[in-house]
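So the protein lines, in turn, are chains A and B. Quick note: the first sequence, position 181, residue 181 per the numbering used here, numbers continuous. Position in the second sequence counted from 1, then plus 204, gives you the numbering used here. To start, the structure itself, in structure tokens.
There are 2 protein chains.
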Amino acid sequence: MTEASTNVVWHTGHVTAGNRETLLGQRGCVVWFTGLSGSGKSTIATALEAALIADGRATYLLDGDNIRHGLNGDLGFTREERVENIRRISEVATLFADAGLITLTAFISPYRTDRQAARNKVPKGRFIEVFVDVPLEVCESRDPKQLYARARAGEIENFTGISAPYEPPVSPELVLPAAEISVEDCVNRAKAYLLEQGFCTAGP
Amino acid sequence: MTEASTNVVWHTGHVTAGNRETLLGQRGCVVWFTGLSGSGKSTIATALEAALIADGRATYLLDGDNIRHGLNGDLGFTREERVENIRRISEVATLFADAGLITLTAFISPYRTDRQAARNKVPKGRFIEVFVDVPLEVCESRDPKQLYARARAGEIENFTGISAPYEPPVSPELVLPAAEISVEDCVNRAKAYLLEQGFCTAGP
């Protein structure tokens, strides 16, 4: 075999998700964080992203910062727009998982039906629902952006937990009681889950 | 330093695109193929994807197969819907490039303004417009799916090249005369460009 013959794979058509996973040495998945505003979803997901990168894992975080101003910049917060928001996020997360990445999403995603629809798009066993379980009163007492205060004052409509429902997961793969344990402990539990389930191996 | 101290990066906040690129050993970019139906965009992009994977590069192809049935399954082919189609694709491609991947897109994308809008979203120097330049009469003579025949018969409306315009790129980064050179040659030219521009190194 000549050097060039390694390129013979060209002619066999589409690269598969399995080819990409072999290359990256991990299995693509979607780690879907859900929880109230102020529960710590983004903080934990950001810390998990950093921990995975430190371990040499290909990972990417979809959150409000990179989705709400870009792909979903045309969407507001009505029930219909929230459905479309989560639908697009789940489609993009599915593409990232197909690319072989450990894909993290951090959105309130308050409705069970929307999260179930997201789960249904991802290949079976690759969707990891992580409930960041912090009581409303704790989230409200933190209120770093004064969102709860503004919602209570009627300045923000349809605010989850105040004037719109939050439906907790029924059977999440992981529950993180982030009011009781540290961000570091939350990250370690999530990493342990990914290792146990064979999505990646331990870091260097 | 203890083993655990490698995780100290947690506390420094968001992982950057640079961190991800260092990990993957390449620079994220968007290789945007454009050309008429039947020009060979998808065939070349698929072969390039396979060649990059064979070289150990993290890459992902966005094309009709994984976009039109998923994220953009709600869009038709009016001018407005075509704009939104390309807008969403460019947003997703930008996320993939931000994740550090060599991101390939293969869509007709007939309008200059839409491709320019896509280019404007991607960080400067990271958007590589590849014009698959094949004359209409060659594309029409191939017509594997009988789309041109149906468009000529009036059975498909707004068909690019027949009843809707195709605006060739003015200053594409790369032109592939795919009627005159082989798919393998097209792939080699694209790979050479990526190497020259420092998006990745040569394969094993």
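For each residue, glycine too, the CB sits at the ideal point set by N, CA and C. Please read all numbers here as calculations on a predicted model, not as lab measurements.
Residue i in three-state terms, based on DSSP
i: D267 of chain B; result: strand
i: V391 of chain B; result: helix
Beta carbon proximity, residue i to chain A, threshold 8 Å
i: R224 of chain B; result: yes
i: L299 of chain B; result: yes
i: E253 of chain B; result: yes
i: G274 of chain B; result: yes
i: L227 of chain B; result: yes
i: E295 of chain B; result: yes
i: L308 of chain B; result: no
i: I366 of chain B; result: no
i: V219 of chain B; result: yes
i: T250 of chain B; result: yes
i: N324 of chain B; result: no
i: I360 of chain B; result: no
Per-residue burial, residue i [other beta carbons within 10 Å of its own, 16 or more giving buried]
i: G280 of chain B; result: exposed
i: K124 of chain A; result: exposed
i: S90 of chain A; result: buried
i: S246 of chain B; result: buried
i: A255 of chain B; result: buried
i: A357 of chain B; result: exposed
i: K395 of chain B; result: buried
i: S37 of chain A; result: buried
i: V374 of chain B; result: exposed
i: T46 of chain A; result: buried
i: N7 of chain A; result: Per-residue confidence for N7 of chain A stands at a pLDDT of 35, beneath the threshold of 50, marking its modelled position as unreliable; the derived number appears in the next sentence. N7 of chain A should be labelled buried.
i: D259 of chain B; result: buried
i: I181 of chain A; result: exposed
i: A355 of chain B; result: buried
i: E253 of chain B; result: buried
i: T226 of chain B; result: exposed
i: G64 of chain A; result: exposed
i: I402 of chain B; result: Residue identity check: residue 402 of chain B is Gly in the sequence provided, not Ile. The residue is exposed, with fewer than 16 neighbouring Cβ atoms inside 10 Å.
i: G232 of chain B; result: buried
i: G40 of chain A; result: buried
CB contact flag (residue i, residue j, <8 Å)
i: A310 of chain B; j: I290 of chain B; result: no
i: T298 of chain B; j: V234 of chain B; result: yes
i: L399 of chain B; j: G365 of chain B; result: no
i: A164 of chain A; j: V138 of chain A; result: no
i: R57 of chain A; j: C200 of chain A; result: yes
i: L275 of chain B; j: V334 of chain B; result: no
i: I44 of chain A; j: V132 of chain A; result: yes
i: S313 of chain B; j: T238 of chain B; result: yes
i: T220 of chain B; j: L266 of chain B; result: no
i: R126 of chain A; j: A97 of chain A; result: yes
i: G100 of chain A; j: L147 of chain A; result: no
i: I53 of chain A; j: N223 of chain B; result: yes
i: Y315 of chain B; j: E371 of chain B; result: yes
i: I205 of chain A; j: Y193 of chain A; result: As shown, chain A starts at 1 and ends at 204. That puts residue 205 of chain A outside it, with no answer to give.
i: V83 of chain A; j: V296 of chain B; result: no
8 Å Cβ cutoff, residue i in contact with chain B
i: A206 of chain A; result: This structure leaves residue 206 of chain A out entirely; chain A is present only between 1 and 204.
i: G128 of chain A; result: Going by the sequence as given, residue 128 of chain A is Ile instead of Gly. Closer than 8 Å: no.
i: I86 of chain A; result: no
i: I181 of chain A; result: no
i: L205 of chain A; result: The structure shown has nothing for residue 205 of chain A, since chain A only spans 1 to 204.
i: N66 of chain A; result: yes
i: I205 of chain A; result: Since the first residue shown for chain A is 1 and the last is 204, residue 205 of chain A is missing from the structure and cannot be characterised.
heavy atom of the ligand ATP below 7 Å from residue i C-beta
i: A303 of chain B; result: This structure lacks the ligand ATP, and indeed carries no ligand of any kind.
Any chain E beta carbon closer than 8 Å to residue i
i: L24 of chain A; result: Structure shown: chain E not included; protein chains present are A and B.
For the segment 229 to 302 of chain B, which segments carrying the alpha helix (DSSP H) assignment without a break, of at least 4 residues, lie completely within its bounds, in sequence order? As far as the segment 229 to 302 of chain B is concerned, its whole alpha helix (DSSP H) runs of at least 4 residues are 245 to 258 and 283 to 302.
Could you name each continuous alpha helix (DSSP H) segment of 4 residues or more that falls completely within the segment 96 to 163 of chain A, going from the start of the chain to the end? For the segment 96 to 163 of chain A, the full-length alpha helix (DSSP H) segments reaching 4 residues or more read 112 to 121, 136 to 142 and 147 to 152 along the chain.
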